[in-house]
Amino acid sequence: MSFINHQFEELKKEVEDLRRERREQSEYIVSLEKKIQDLQHKSRSSGIEIRNIPQASNESSTALTKTLCVLGDAVGVSVKDSDLRDVYRLPGKSSSPTSTTRPIIAEFSSVMMKDTLISAVRTFNKSREKQDKLNTGLLGISGTKHPVYVTEQLPGNTKKLYYLSREFAKSNNFKFCWVSNGNIFLRKHEGDKQLLIRSENCLQVIGTASK
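Each residue of the sequence shown is one higher than the last, beginning at 0 in numbering that gives the first Met the number 0.
As C-alpha cells, this is what we get:
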C-alpha cells in the first residue's frame, strides 16, 4: 500500500510540475507577444487610420492628402503637405463589397501632429449630437452622410482587441472606449476610473465583475 501511495504522490508531483511549466510557458508567450506589439506600435506611432470615407475613381495620393486637409479644417486643425510623410488607402480586392470604404492611413512627420489631430477630432465629436459628429458631409463628400472615424494606426492584434473592446462597451453600457499611445481604455461613466485593456481576458474579468 505504501508503494502505491508513493507512486501516486510521484504522479501527482509530475502533473503539478507539468501544469507549472505550461503556465510559465503561457506567461512567456504573452510577454513575447506584448514585446512584439510594443515594437509594432513604435513603428506606427505617428500614423492614424481614417475609416468610412468612400473611395473615388482614379483616387490619387494628392486627392487623399486634400481629403485629410479638409478633415483637419473641419475639426480646427491646419494640416499641411509638409506635416505628412505618406497618405494611402489600405490594399484590398477591388471586387470586395467593402472595397470602397477601405481605411485610409496617414503617416505624419511627428507624433505631436498626430496627437493634435486625434485630440481635435475627439473634442469636436464630444460637443456634438450623434448626427452632427464628424461625417462625410462635413468633408464635402456628396451623397448620404456617413460617420467618419479617426483612430491611431494599430497593429493587427491591438486592432482586433480594440474592436472587441468597442463591442464589449456597447453590450455592457460603457460610455467610453478609446486608444491612447497604443493602449486601449474603457470607462463606464463620466468621472469613473479608466480601465486598461491588455487582453481579451481583461474584458471577461470586467464583464464578470459588472454583473
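Cβ coordinates follow ideal geometry from the N, Cα and C atoms, glycine included.
Original post:
Between the beta-carbon of PHE123 and the beta-carbon of LEU133, is there less than 8 angstroms?
Top reply: The answer is yes: Cβ separation under 8 angstroms.
Subject >> 8 angstroms contact criterion, which ILE47 and THR150 should meet: CB distance rounded >> reply: A Cβ-Cβ distance of about 7 angstroms is found for the pair ILE47 and THR150, placing them in contact under the 8 angstroms criterion.
**OP:** Kindly indicate which residue of ILE196, ASN4, ASN171, THR100 has the alpha-carbon position closest to the one of ILE183.
**Re:** Ranking the options by Cα distance to ILE183, first place goes to ILE196.
Original post:
If we count Cβ pairs, one from each stretch, closer than 8 angstroms, do we get three or more for the stretch 146 to 164 versus the stretch 48 to 55?
Top reply: Flag = yes, the stretch 146 to 164 and the stretch 48 to 55 touch.
Original post:
Which full runs of the alpha helix (DSSP H) of 4+ residues lie inside the stretch 62 to 143, going along the chain?
Top reply: Given a length threshold of 4 residues, each whole run of the alpha helix (DSSP H) inside the stretch 62 to 143 is given here in chain order: 110 to 125.
**OP:** Please say whether PHE107 and LEU137 have beta carbons closer to each other than 8 angstroms?
**Re:** Not a contact, by the Cβ cut-off of 8 angstroms.
**OP:** Starting from the Cα of LYS129, find the closest Cα among LEU163, ASN180, SER170, VAL147 and give me that residue.
**Re:** Comparing Cα-Cα distances from LYS129 to each of LEU163, ASN180, SER170, VAL147, the minimum goes to VAL147.
**OP:** From the DSSP output, in three-state form, read off VAL204 for me.
**Re:** Residue state, collapsed to three classes: helix.
Original post:
In whole angstroms, what is the alpha-carbon distance linking TYR162 and ARG101?
Top reply: When rounded, the distance between both Cα atoms is 16 angstroms.
**OP:** State the Cα-Cα distance for the pair ASP114 and LEU70, rounded to the nearest angstrom.
**Re:** Answer to the nearest angstrom: the Cα atoms are 15 angstroms apart.
Subject >> Residues of its chain near GLY75, where Cβ-Cβ distance is below 6 angstroms and the 5 sequence neighbours each way are ignored >> reply: A distance below 6 angstroms between beta-carbons, with the five flanking residues on each side excluded, links GLY75 to the following residues of its chain, in chain order: ALA119.
Original post:
How big is the Cα-Cα spacing for VAL178 and GLU9?
Top reply: Cα-Cα distance, rounded: 49 angstroms.
Subject >> DSSP beta-bridge partners of GLY46 >> reply: Its beta-bridge partners are GLU106.
**OP:** In the DSSP assignment, find the unbroken beta strand (DSSP E) run with PHE184 in it and report its ends.
**Re:** 182 to 186 is the span of the beta strand (DSSP E), which, as asked, contains PHE184.
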